[in-house]
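Peer 1: A single structure is presented below for examination.
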Amino acid sequence: MSLMSDRAGAPTGDPATSIGSARSALISILGELVAPYHQPVRTAALLYALTGVGFGESASRQAIARAGASGLISAERNGRETKWAVTERSYELFREGAVRVFPDASSAGRWDGRWLVIIVPIPESHRATRKKLYGALRWAGFGNPTAGIWVTPHVDRLPEAQAAIESLELTSNTISFVGTPAAVGIPEAELVNRSWDLDKVSAAYDDLRDRFDNDEHLTGKDALVAHIELVDALRHTPYMDPQLPRELLPDWPGFGVVSRLQALRAERAPAAHAHWLSIARLD
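Take the sequence shown: its letter number 62 is residue 62 in the UniProt record's numbering, and every next letter is one higher.
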């Protein structure tokens with residue numbers, strides 16, 4: 001798996017890097033706990049975190065080895081001990097992913113009413129290409145109101161879509177433009193309804209709130225494990241949540257739940273990081 005598919009919440013993951021996999025948990029650990037400190041960590045520390053969230057040692061070691069083989073991390077040997085460092089390309093991907101997974105609501109301006117529309121038909125026979133493109137477009141906040149047409153109010157994400165389209169050699173089959181809806185055709189609210197299942201998104205967020213929003217004051221390993229699980233869950237949300245501007249969803253209850261989940265991450269991070277630093281032996 002290439003680094004392009006390793007973008008996750010700290011860069012995000014490919015849809016194939018599913019929630020509940022050792023690889024997904026490792027990416028979350030690297031982005032949330034390793035990358036910020038810019039220091040290599042021992043294999044034992046990564047195994048401690050991975051086994052703590054429920055993966056066996058064999059699956060955990062395999063995830064670490066595959067991350068090394070893909071270029072997500074690089075090995076540094078000191079005698080019989082191996083340490084793992086986040087690569088420069090991965091630092092960049094983690095920074096990009098964090099902006100999408102942990103957005104700063106206070107910095108969001110008002111939406112200007114424009115949409116980015118991409119028309120890119122792909123034959124059913126090219127399933128691998130379709131899967132890669134659709135995953136990239138969903139991560140970028142695009143919805144699919146009808147076959148071959150993708151839309152998003154995030155017009156600034158055109159370069160991201162362009163990179164995916166060019167990497168898959170689909171440029172000659174693609175039409176794109178930016179503009180506002182005309183009077184003919186379905187209203188904007190119906191465009192949103194056809195492009196995204198926001199009831200499903202809201203229900204998924206409610207499930208996350210029910211799982212993580214409690215009165216527990218965790219410390220030590222319990223705090224670390226709970227934090228990794230929350231971050232790993234949040235890291236996958238951009239695939240389902242297009243993060244639409246409030247102008248399109250003035251009454252959507254999901255905004256409040258998202259804010260609460262982001263607040264929980266911030267509240268619980270200190271205890272989790274404190275325990276991680278003691279285990280990883282970082283300065």
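Even for Gly, the Cβ is constructed at its ideal location relative to N, Cα and C.
1) Over what stretch of residues does the alpha helix (DSSP H) that includes Trp276 continue unbroken?
2) Mark Ala182 as exposed unless 16 or more other C-beta atoms lie within 10 angstroms of its C-beta, in which case mark it buried.
3) Once the 5 residues before and after Leu158 are set aside, which same chain residues still bring their CB inside 8 Å of it?
4) Would you kindly check if the distance between the Cβ of Ile186 and the Cβ of Ile149 is under 8 Å?
5) Once DSSP output is grouped into helix, strand and coil, what is the label at Glu169?
6) Put Met1 into one of helix, strand or coil per three-state DSSP.
7) Who does Val151 pair with in a DSSP beta bridge?
8) Is the stretch 53-62 in contact with the stretch 254-273, if contact means three or more CB pairs nearer than 8 Å?
9) Given this structure, state the Cα-to-Cα distance separating Thr17 from Asp232, to the nearest angstrom.
10) Which of the three DSSP states is assigned to Val214 in this structure?
11) From Arg281 to His273, what distance separates their C-alpha atoms?
12) Cβ of Pro145 within 8 Å of Cβ of Arg194?
13) Mind checking whether Gly143 and Thr152 have CB atoms under 8 Å apart?
14) Between the C-alpha atoms of Thr171 and Ile165, what's the straight-line distance to the nearest angstrom?
15) If you reduce the DSSP assignment to three classes, tell me which class Phe177 lands in.
16) Would you call Asp207 buried or exposed, if buried means 16 or more other Cβ atoms sit within 10 Å of its Cβ?
17) If you run the structure through DSSP and keep just helix, strand and coil, what is Ile228?
18) Between the stretch 35-47 and the stretch 197-217, do three or more beta carbon pairs fall short of 8 Å?
19) With H, G and I counted as helix, E and B as strand and the rest as coil, what does DSSP make of Val53?
20) Reducing DSSP to helix, strand and coil, say where Ala75 ends up.
21) Would the beta-carbon of Glu229 fall within 8 Å of that of Trp111?
22) Taking the alpha-carbon positions, what's the Gly31 to Val184 distance?
23) Identify every residue that forms a DSSP beta bridge with Glu81.
24) Count the other CB atoms, across all protein chains shown, that sit within 10 Å of the CB of Thr237; report buried if there are 16 or more and exposed otherwise.
25) Alpha carbon to alpha carbon, how far is Trp276 from Asp222?
26) How would you write the range of the alpha helix (DSSP H) that Val192 sits in, first residue to last?
Peer 2: By the coordinates alone:
1) For Trp276, the enclosing alpha helix (DSSP H) stretches over residues Gly254 to Ala280.
2) Residue environment: Ala182 is assigned as exposed (fewer than 16 neighbouring CB atoms within 10 Å of its CB, all protein chains considered).
3) Excluding positions up to five away in sequence, the list reads Leu116, Ser176 and Val178.
4) No, the Cβ-Cβ distance between Ile149 and Ile186 is not below 8 Å.
5) Looking at Glu169 - three-state DSSP - the assignment turns out to be coil, as it is neither helix nor strand.
6) Reliability of the predicted coordinates at Met1 is poor, the pLDDT of 30 falling under 50, and no value is obtained from them.
7) Answer is Val117 and Gly143.
8) Judged by Cβ distances under 8 Å, the stretch 53-62 makes no contact with the stretch 254-273, as fewer than three pairs qualify.
9) Legend: pLDDT at Thr17 = 43, less than 50; position of this residue unreliable, value from coordinates given subsequently. Straight-line measurement puts the Cα of Asp232 at about 11 Å from the Cα of Thr17.
10) Note that residue 214 corresponds to Asn in the displayed sequence, not to Val. Three-state DSSP puts Asn214 in coil, outside helix and strand.
11) In this model, Arg281 and His273 are separated by some 12 Å (Cα to Cα).
12) Contact flag set, yes.
13) The criterion of a C-beta distance shorter than 8 Å is satisfied by Gly143 and Thr152.
14) For Thr171 and Ile165, the distance between alpha carbons rounds to 6 Å.
15) Phe177 falls in the strand class under three-state DSSP.
16) With fewer than 16 Cβ atoms within 10 Å of its Cβ, Asp207 is classed as exposed.
17) Ile228 falls in the helix class under three-state DSSP.
18) Not touching, per the Cβ criterion.
19) Residue state, collapsed to three classes: coil.
20) In this structure, Ala75 counts as strand in the three-state DSSP scheme.
21) In this structure, Trp111 does not lie closer than 8 Å to Glu229 by Cβ.
22) Taking the Cα positions, Gly31 is about 46 Å away from Val184.
23) In the DSSP secondary-structure assignment, Glu81 is bridged to Asn78.
24) Buried is the call here.
25) Taken atom to atom, the span from the alpha-carbon of Trp276 to that of Asp222 is near 11 Å.
26) That run of the alpha helix (DSSP H) goes Glu188 to Ser195.
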